[in-house]
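Peer 1:
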Ligand code: SAM
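In my numbering, the protein residues as written are 51 to 340.
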């Protein structure tokens, strides 16, 4: 950061989006601590929850609740503070704000108003889980929480069934068994899954294998349906080139016999379609006759 950037930041209001730990309090970064120490206000998903973190850090700060039900109303208050040159931090209960957490509206409006919004990166359950799952991470699709009702959840999974990127979901302990049952029935018993439970906490556990064996492991584990979960699923195998494209062989043959001898037309059509040369030759003769 240049000196002029630093001076500008000190004079102008900035909204800092600060990641907090997902379990282990030592995961709060040095920089997050500095920012939480210097800001004028902390907008927190749950002020009691963040209050406990601040107490652990030995900080006493002004806080304001900002959750899904009051976010729109809080935007004006935050914009007014930023306009006065104040610094505001946005935090959620755990991990990175906006990732299945409140803050989207505030960040969008603050950016639209021309104020700087600066990330203070840190823990994020999906990134932590993916980094150790041993599943492909070059392409992944984070789908957050699936619908709570079984019919909606199965429909959402059916939409994702052919997705080739690694899939990542968040799930609460009381729905984890239901989700795994639906994964087995929609994606099949053998689709590779990795579940990360209670990441960074004392009872951090991983379950991995085919969807059905992971379901059985969870059911067999007395603590299986306790704690918070990240569910990762290997993407579907890519479809072979050309699969799903329906080739109109008659149309192809019809076009080819207008330009080429029948034998040559049948040979090319056989190569393109994978059908038998003799069969296509007979069909080409019929088409020519018609
Ligand atoms: N913003 C958070 C983040 O950056 O990961 C996620 C918040 S979301 C409301 C909470 C969900 O994240 C939990 O239900 C669980 O699926 C996942 N999660 C959070 N902490 C976790 C942990 N320590 N271990 C496993 N999953 C966790």
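Yeah, the Cβ is synthetic: ideal placement off N, Cα and C, and Gly gets one too. This structure is a prediction, so every number in the text was calculated from the model and none was measured.
Assuming residue 140 and residue 86 are in contact, meaning their beta carbons sit under 8 Å apart, how far apart are those beta carbons, in whole angstroms?
Peer 2: That belief does not hold up - the Cβ atoms of residue 140 and residue 86 are roughly 11 Å apart, past 8 Å.
Peer 1: What residue does the beta strand (DSSP E) around residue 146 start on, and which one ends it?
Peer 2: That residue, residue 146, is in no beta strand (DSSP E); it is neither H nor E in DSSP.
Peer 1: On the DSSP bridge assignment, give the partners of residue 221 in chain order.
Peer 2: Answer is 279.
Peer 1: What did DSSP end up calling residue 72 once you bin it into helix, strand or coil?
Peer 2: The answer is coil: DSSP assigns residue 72 none of H, G, I, E or B.
Peer 1: Specify, as a first and last residue, the run of the beta strand (DSSP E) that residue 166 falls within.
Peer 2: Element bounds for residue 166: 166 to 170.
Peer 1: The alpha helix (DSSP H) with residue 195 in it runs from where to where?
Peer 2: Taken as a continuous stretch (DSSP letters only), residue 195 belongs to no alpha helix (DSSP H), being part of the beta strand (DSSP E) at 190 to 195.
Peer 1: If we count the other Cβ atoms within 10 Å of its Cβ and call it buried at 16 or more, is residue 154 buried or exposed?
Peer 2: Exposed.
Peer 1: Quick one, are the C-beta atoms of residue 167 and residue 177 less than 9 Å apart?
Peer 2: Against a cut-off of 9 Å, the Cβ pair of residue 177 and residue 167 comes out as no contact.
Peer 1: In chain order, which beta strand (DSSP E) runs of at least 3 residues are fully inside the segment 93 to 117?
Peer 2: Entirely contained in the segment 93 to 117, the beta strand (DSSP E) runs reaching 3 residues are, in chain order, 113 to 115.
Peer 1: What does the Cβ neighbour count give for residue 341, buried or exposed, with the cut at 16 atoms within 10 Å?
Peer 2: No statement about residue 341 is possible, as the shown extent of the chain runs from 51 to 340 and does not include it.
Peer 1: With a floor of 3 residues, list each beta strand (DSSP E) that falls wholly inside the segment 222 to 252, ordered by position along the chain.
Peer 2: Correct list: 242 to 247.
Peer 1: Quick one: grab the DSSP three-state call for residue 206.
Peer 2: Three-state result, residue 206: helix.
Peer 1: Find the nearest neighbour of residue 330 within the set 340, 146 and 315, judged by alpha-carbon distance.
Peer 2: Taking only the C-alpha atoms, the option nearest residue 330 is 315.
Peer 1: Just confirm the distance between the C-beta atoms of residue 220 and residue 150, as a whole number of angstroms; I'd bet it's less than 8 Å.
Peer 2: Correct: roughly 5 Å between the Cβ atoms.
Peer 1: By Cβ distance below 8 Å, which residues in the same chain neighbour residue 187 in space, the five residues on each side in sequence not counted?
Peer 2: Taken in chain order, the residues that qualify are 180, 181 and 216.
Peer 1: Kindly list the residues whose CB is nearer than 6 Å to the CB of residue 136, restricted to its own chain and excluding five residues on each side of it in sequence; keep chain order.
Peer 2: Closer than 6 Å at Cβ, skipping near neighbours: 63 and 90.
Peer 1: Less than 9 Å separating the beta-carbons of residue 183 and residue 196?
Peer 2: Not in contact: residue 183 and residue 196 (Cβ atoms no closer than 9 Å).
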